[in-house]
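What follows is one structure encoded as structure tokens, with my remarks underneath.
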Amino acid sequence: MHWQGCDVAFLTQHGKQHLVGPPIEAALGCRILHTEGYDTDKLGTFTHELARPGSQMDAAREKARIGMALTGSSIGIASEGSFGPDPVGGFVPWNTEVLLWIDQKQDLEITGWAHGHAQSLQKPIQSLQELELFALEAKFPEHRLTMRPSHEDHPAIIKGIHNVPSLMEAFERCRSQSNNGLVYVENDLRAFCNPTRQNIIRNAASDLIQKLQSLCPACDAPGFWVDRRIPGLRCRVCGRKTRLPISEVWHCQICKMQEERAIHTKALADPARCDHCNP
Ligand SMILES: [Zn+2]
Ligand SMILES: [Zn+2]
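Numbering of the sequence shown is given in the UniProt record's numbering, commencing with residue 1 and proceeding in unit increments.
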């Protein structure tokens with residue numbers, strides 16, 4: 001085991017260490033060194049105060065780097081989520097989670113990914129009735145809410161609302177501060193406020209663990225994983241090559257070994273996926 005007994009820095013403020021720490025420690029025998037020594041909200045938040053610069057991976061790298069600097073460990077982990085519309089239809093709120101593992105000494109960077117429907121609703125409301133309906137749709141109180149007066153960028157935000165009395169209090173306060181009669185209510189997307197997101201973060205941890213445990217057959221380095229897929233699965237009807245993959249190329253970051261492995265899930269492609277049969 002590559003990381004048995006090693007300390008792994010994890011900078012996070014929103015309880016993510018409880019989601020990803022135990023399974024990673026159990027799988028690798030390492031020790032997660034949780035640190036809160038830096039305000040990660042400075043790197044961007046989901047609540048409009050500060051847009052996140054750069055990509056999701058850049059943000060994760062920055063967090064991992066700061067965590068390693070704070071703890072003095074050469075191994076670090078970082079979790080970063082992003083929210084938007086789903087990539088296929090564009091109608092469903094979508095959450096992508098990345099969990100990044102950096103080992104500076106081995107010059108390794110390994111990433112676990114997971115995606116799924118997000119519990120991420122937002123709405124301007126006026127009445128208690130509307131608030132009640134929204135709370136139901138937003139899966140409150142298991143999922144916490146944020147609220148602010150007037151509009152989605154108002155600075156007087158109340159976060160982490162998790163029970164009915166505090167919901168009522170927040171609503172009254174925001175309504176009294178509102179200049180247009182509206183109160184803007186949203187799902188709180190921070191990990192400890194959103195069980196739907198917690199599940200996706202757990203899935204990213206499983207993906208990361210699988211990759212960390214996959215060893216290169218040539219040099220035994222961890223992180224041996226699929227780098228790209230080769231298209232060309234033949235159509236069941238016309239026999240032409242489709243864009244569906246026929247094999248995948250596994251890659252080692254350390255010795256650069258590559259291995260093409262056939263995918264045996266299906267012998268032939270559905271003609272619905274064939275550009276000739278279904279243009
Ligand atoms: Zn290798
Ligand atoms: Zn075809």
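Idealized CB from N, CA, C, for every residue including glycine.
Source: prediction; values computed, not measured.
Beta-carbon proximity check, residue i vs residue j, cutoff 8 Å
{"i": "residue 205", "j": "residue 112", "result": "yes"}
{"i": "residue 196", "j": "residue 143", "result": "yes"}
{"i": "residue 185", "j": "residue 123", "result": "yes"}
{"i": "residue 140", "j": "residue 15", "result": "no"}
{"i": "residue 96", "j": "residue 129", "result": "no"}
{"i": "residue 69", "j": "residue 78", "result": "no"}
{"i": "residue 178", "j": "residue 150", "result": "yes"}
{"i": "residue 99", "j": "residue 208", "result": "yes"}
{"i": "residue 73", "j": "residue 7", "result": "yes"}
{"i": "residue 108", "j": "residue 210", "result": "no"}
{"i": "residue 116", "j": "residue 200", "result": "yes"}
{"i": "residue 239", "j": "residue 110", "result": "no"}
{"i": "residue 135", "j": "residue 83", "result": "no"}
Own chain residues within Cβ distance below 7 Å of residue i, not counting five before or after
{"i": "residue 62", "result": "43"}
{"i": "residue 244", "result": "231, 233, 269, 273"}
{"i": "residue 203", "result": "114"}
{"i": "residue 59", "result": "43, 44, 52, 80"}
Assigned exposure category for residue i - 16 Cβ within 10 Å defines buried
{"i": "residue 5", "result": "exposed"}
{"i": "residue 187", "result": "buried"}
{"i": "residue 278", "result": "exposed"}
{"i": "residue 147", "result": "buried"}
{"i": "residue 155", "result": "exposed"}
{"i": "residue 30", "result": "buried"}
{"i": "residue 168", "result": "exposed"}
{"i": "residue 171", "result": "buried"}
{"i": "residue 126", "result": "exposed"}
{"i": "residue 216", "result": "buried"}
{"i": "residue 267", "result": "exposed"}
{"i": "residue 131", "result": "buried"}
{"i": "residue 88", "result": "exposed"}
{"i": "residue 92", "result": "exposed"}
{"i": "residue 40", "result": "buried"}
{"i": "residue 145", "result": "buried"}
Contact set for residue i: own chain, Cβ-Cβ below 8 Å, skip 5 residues either direction
{"i": "residue 237", "result": "271, 274, 277"}
{"i": "residue 85", "result": "91, 92, 93, 94"}
{"i": "residue 137", "result": "121"}
One or two residues paired with residue i in a DSSP bridge
{"i": "residue 96", "result": "82, 115"}
{"i": "residue 235", "result": "269"}
{"i": "residue 163", "result": "Its beta-bridge partners do not exist; DSSP assigns none."}
{"i": "residue 147", "result": "158, 185"}
{"i": "residue 225", "result": "251"}
For residue j and residue i, believed in contact at Cβ under 8 Å, the rounded distance
{"i": "residue 10", "j": "residue 33", "result": "7 Å"}
{"i": "residue 120", "j": "residue 189", "result": "6 Å"}
{"i": "residue 174", "j": "residue 219", "result": "The pair is not a contact, with the Cβ atoms about 58 Å apart (cut-off 8 Å)."}
{"i": "residue 94", "j": "residue 212", "result": "Their Cβ separation, rounded to whole angstroms, is 26 Å, which puts residue 94 and residue 212 out of contact at 8 Å."}
Residue i: CB within 7 Å of a non-hydrogen atom of ligand 4
{"i": "residue 243", "result": "The model on display carries ligand 1 and ligand 2 but not ligand 4."}
Cutoff 6 Å; reference residue i; Cβ partners in own chain excluding five residues on either side
{"i": "residue 229", "result": "245, 248"}
{"i": "residue 251", "result": "227, 258"}
{"i": "residue 242", "result": "233, 235, 269, 273, 274"}
{"i": "residue 103", "result": "75"}
{"i": "residue 288", "result": "Look at the range of the chain in this structure, 1 to 279, and you will see that residue 288 is not part of it."}
{"i": "residue 260", "result": "247, 249"}
{"i": "residue 13", "result": "36, 40"}
{"i": "residue 3", "result": "28, 30"}
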